[in-house]
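Please read the structure below before turning to the comments.
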Amino acid sequence: MKRMQPSRVTKYLQAEILGHPILYFRELTSTNDVAKELALRGVKEGTVILAETQIGGRGRLERKWISPEGGLWFSIVLRPTIPSKHAPKLTLMASVAVARTINKLSPVGAGIKWPNDVLINQKKVCGILTEAEFKGETLDFVVVGIGINANFDLNALPRYIRDYSTTLRKESGEEIDRETLLCRLLEKTESYYALFKERKFGAILKEWRSLTNFLGSYVKIVSGEEKIEGMALNIDEDGALMLRLNDKTLRKVTAGDMTVVGEEYPKWIDE
Ligand code: BT5
8 MKRMQPSRVT KYLQAEILGH PILYFRELTS TNDVAKELAL RGVKEGTVIL AETQIGGRGR
68 LERKWISPEG GLWFSIVLRP TIPSKHAPKL TLMASVAVAR TINKLSPVGA GIKWPNDVLI
128 NQKKVCGILT EAEFKGETLD FVVVGIGINA NFDLNALPRY IRDYSTTLRK ESGEEIDRET
188 LLCRLLEKTE SYYALFKERK FGAILKEWRS LTNFLGSYVK IVSGEEKIEG MALNIDEDGA
248 LMLRLNDKTL RKVTAGDMTV VGEEYPKWID E
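Each residue of the sequence shown is one higher than the one before, starting from 8 at the first, in this note's numbering.
Here it is in C-alpha cells:
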C-alpha cells in the first residue's frame with residue numbers, strides 16, 4: 008500500500024485553519040489520544056493528527072475501531088469558544104462534511120445515520136468520535152476524530168464488523184486518492200465550521216436532514232441501559248433525535264445506537 012504524503016495535502020490545501028499543520032505518523036495507538044495530548048500542551052486550532060494505521064483506534068464507549076493500512080484515520084483539534092453543551096453539534100457538522108466530500112469525489116450516494124455514522128448502501132464507511140475537554144462551563148478544546156474506510160480489503164475487518172461495513176474502494180470500484188480526500192474534507196469541514204462559529208448551525212442541519220433517510224421510520228435506540236422505540240421525527244437544533252414513542256409522547260434522545268426497524272410506522276401503534 009502506497010503511504011500518504013502529507014506534504015501533497017498541504018501543497019494543495021485551500022483551508023486557512025484546518026490542516027495547519029498536519030502531523031503524520033506511520034502508526035499510532037489512536038489519533039484522538041495524541042490530538043488530546045497535544046491539545047492539552049497547547050497546539051493551535053486546526054492541527055491535524057494523521058496516522059497510516061492505529062493499533063488502539065477507538066469508537067464511542069471505548070469500543071474498538073479497526074484501522075488497517077489504506078484507511079484514512081485522523082483527528083482535528085478545534086478550539087471553539089462555545090458553551091460545552093454545543094460540542095455534539097460538531098459531530099453532525101463533521102458527518103455532513105464527510106458525506107458531501109465523498110459524494111463530490113465519487114457518486115456513491117453516501118448518507119448519514121444518527122448520530123455519527125456515514126453509510127453507503129446502508130453499510131458503515133465512516134465513524135466519527137468527538138471528544139471535548141472542558142474548562143468549567145466552557146470548552147477548552149474539542150478533538151474531532153474521523154475514520155474513513157478508504158482503500159483496504161474488507162477482509163481486514165473481523166466478520167462481525169465486515170457484514171455491516173464497506174469501503175470507498177468497494178463502492179466506487181476504484182482506488183481513492185487519500186490525499187485528495189483529506190484535502191477536500193478539511194476544506195469542506197472548514198467551511199461548515201465557519202457557519203458553526205457564525206451561529207448558522209441551522210444551515211448545517213438542513214444539509215444533514217437532506218443526507219439522511221431514516222426520518223419518518225420506526226427505530227430502536229439503545230442508550231446506556233435503556234432501549235427506546237419510536238418513530239424518528241426530526242433532529243433538533245442541538246443535534247438530538249426527536250422520537251414519537253408508542254404511547255404518543257415525544258422524547259428527545261441525545262446519545263445512543265440506532266437501528267431502523269421499519270420504513271414505516273407500524274400500523275398497530277395507531278390502532
Ligand atoms: C465510531 O464509534 O463509529 C467512531 C469511530 C471513530 C474512528 C476515528 S479514526 C480516527 C480517530 N481516532 C480514533 O481512535 N477514533 C477516531 P461507534 O459508533 O461506537 O462504532 C464503533 C463500532 O464500529 C465498533 O464497535 C465496531 O462494531 C464497528 N467498527 C469498528 N471498526 C470499524 C471499521 N473500520 N469500519 C466499520 N465499522 C467498524
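Glycine included, each C-beta is placed from N, C-alpha and C at the ideal position.
Between A210 and F221, the CB-CB gap reaches or exceeds 8 Å.
CA-to-CA, the gap between L47 and R258 works out to about 36 Å. Ligand 1 has a heavy atom closer than 7 Å to the beta-carbon of D124.
A Cβ-Cβ contact shorter than 8 Å links K130 with T173. Each residue's CA atom was taken as its position, placing S14 and G118 some 30 Å apart. Inclusion of V105 and I62 in the CB contact set at 8 Å is not warranted, their separation being larger than that value. Taking 7 Å as the cut-off, the C-beta of T38 counts as close to a heavy atom of ligand 1.
With at least 16 other beta carbons inside 10 angstroms of its own, K43 counts as buried.
The beta strand (DSSP E) runs lying completely inside the segment 77-109 and spanning 3 residues or more are 79-85, given in chain order. If you check the C-beta of W80 against ligand 1, you find a heavy atom less than 7 Å away. Look at G209 here: in three-state DSSP terms it is helix. Relative to ligand 1, even the nearest heavy atom lies 7 Å or more away from the CB of I62. In the three-state DSSP reduction, K130 falls in the strand class (E or B). Three or more beta-carbon pairs drawn from the segment 90-105 and the segment 134-142 are found closer than 8 Å, and the two stretches are therefore classed as touching. For S172, the shortest C-beta to heavy atom distance toward ligand 1 is below 7 Å. With the rule of 3 Cβ pairs closer than 8 Å, the segment 196-208 does not count as touching the segment 157-167. Beta bridge pairing from DSSP links Y225 with M238 and G269. In the DSSP assignment, L30 falls within the beta strand (DSSP E) that extends over I29 to L35. Per DSSP, reduced to three states, the secondary structure at F148 is strand.
Under the DSSP assignment, I168 falls in the alpha helix (DSSP H) whose first and last residues are R166 to R169. Secondary structure of E69 (DSSP, three-state): helix.
In this structure, S102 has its beta carbon at no less than 7 Å from each heavy atom of ligand 1. The continuous alpha helix (DSSP H) containing L45 extends over residues T38 to L47.
Beta bridge pairing from DSSP links I119 with V125. By the neighbour-count definition (other C-beta atoms within 10 Å, threshold 16), N39 is a buried residue.
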